[in-house]
Amino acid sequence: MNKKLKTPLRYPGGKSRAVAKMMPYFPPTNNIREYREPFLGGGSVALWVTQNYPNLERIWVNDKYWLLYNFWVHLQKDGPALSATLREWKTKHDTKDKARELFNMCKEEMHDRRTSDFMKAVMFWTVNKCGFSGLTELASFSAGSSEKNFTLQGIDNLLEYSKLIQKWNITNLSFENLLIPGEDDEDVFIYLDPP
476 MNKKLKTPLR YPGGKSRAVA KMMPYFPPTN NIREYREPFL GGGSVALWVT QNYPNLERIW
536 VNDKYWLLYN FWVHLQKDGP ALSATLREWK TKHDTKDKAR ELFNMCKEEM HDRRTSDFMK
596 AVMFWTVNKC GFSGLTELAS FSAGSSEKNF TLQGIDNLLE YSKLIQKWNI TNLSFENLLI
656 PGEDDEDVFI YLDPP
């Protein structure tokens with residue numbers, strides 16, 4: 476992996492562009508053993524930390540927003556299947572009209588309790604990439620976003636993200652759970668960026 480991975484999502488308030496400016500304020504790599512992020516969101520900071528602190532014993536990321544959490548879990552454990560399903564969808568929905576139909580179907584069905592968690596993850600990524608500004612649930616379809624962001628290259632890149640996040644402990648808890656002090660927390664780096 477030559478190029479540093481930023482985030483597989485479009486996420487409002489994301490830090491993909493800001494993380495380079497934040498770097499000087501992060502602790503030296505040899506001073507921490509664990510990283511925690513109570514509000515994962517688009518994951519830009521956690522991905523940066525994962526790539527730049529390779530010797531961490533633990534990376535604990537969390538988000539209370541269940542659809543987002545579910546996406547990250549399935550990217551981690553089902554990356555190849557997620558990518559293959561999205562590749563098939565992209566191939567079948569290769570026009571703006573078909574992409575709009577797919578977006579509308581995903582937006583509706585990702586909340587249906589009969590839809591599997593895996594398919595909800597696939598639908599979440601699709602809506603995120605085809606919607607205006609990455610707002611996902613609040614977004615309306617954007618032909619420009621769909622054309623620019625719902626791409627085969629982006630889908631194929633999910634495989635690299637899946638490999639990168641294998642060490643992550645991903646949870647769907649209230650943020651306070653990641654702030655509870657432990658006996659050996661002096662070498663824990665907590666990045667706190669609430670919504």
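Positions 476 to 670 (this note's numbering) are the ones given, in order, by the sequence shown. Note that beta-carbon positions come from the ideal geometry of N, C-alpha and C, so glycine has one too. Predicted model only: the values in this text are computed from it and were never measured.
Tell me whether arginine 492 sits in a helix, a strand or coil according to DSSP, three-state version. coil
Helix, strand or coil, according to DSSP, for glycine 606 in the structure here? strand
Cβ pair lysine 582, leucine 542 closer than 9 Å: no
Give the straight-line distance between the Cα atoms of leucine 561 and isoleucine 630, rounded to the nearest whole angstrom. Whole-angstrom Cα-Cα distance: 7 Å.
Could you name the residues of the same chain whose beta carbon sits closer than 6 Å to that of aspartate 668, not counting the 5 residues immediately before and after it, in chain order? Phe514
Below 8 Å CB to CB, which residues in the same chain sit around threonine 482 once its five sequence neighbours on both sides are set aside? The answer, listed in chain order, is Gly489, Ser491, Gly517, Gly518, Ser519, Leu522.
Whole beta strand (DSSP E) elements within the segment 522 to 568, 3-residue minimum: Qualifying beta strand (DSSP E) stretches, in chain order: 533 to 537.
Which full runs of the alpha helix (DSSP H) of 4+ residues lie inside the segment 569 to 631, going along the chain? 571 to 584, 592 to 605, 618 to 624
Alanine 556 vs phenylalanine 593 beta-carbon contact at 9 Å: yes
Check each candidate in Ala574, Asn647, Val663, Ile640 and name the one with the smallest Cα separation from lysine 623. Selected option, being the one with the closest Cα: Ala574.
Check the DSSP bridge columns for valine 520 and list the partner residues they point to. DSSP lists no partner for valine 520.
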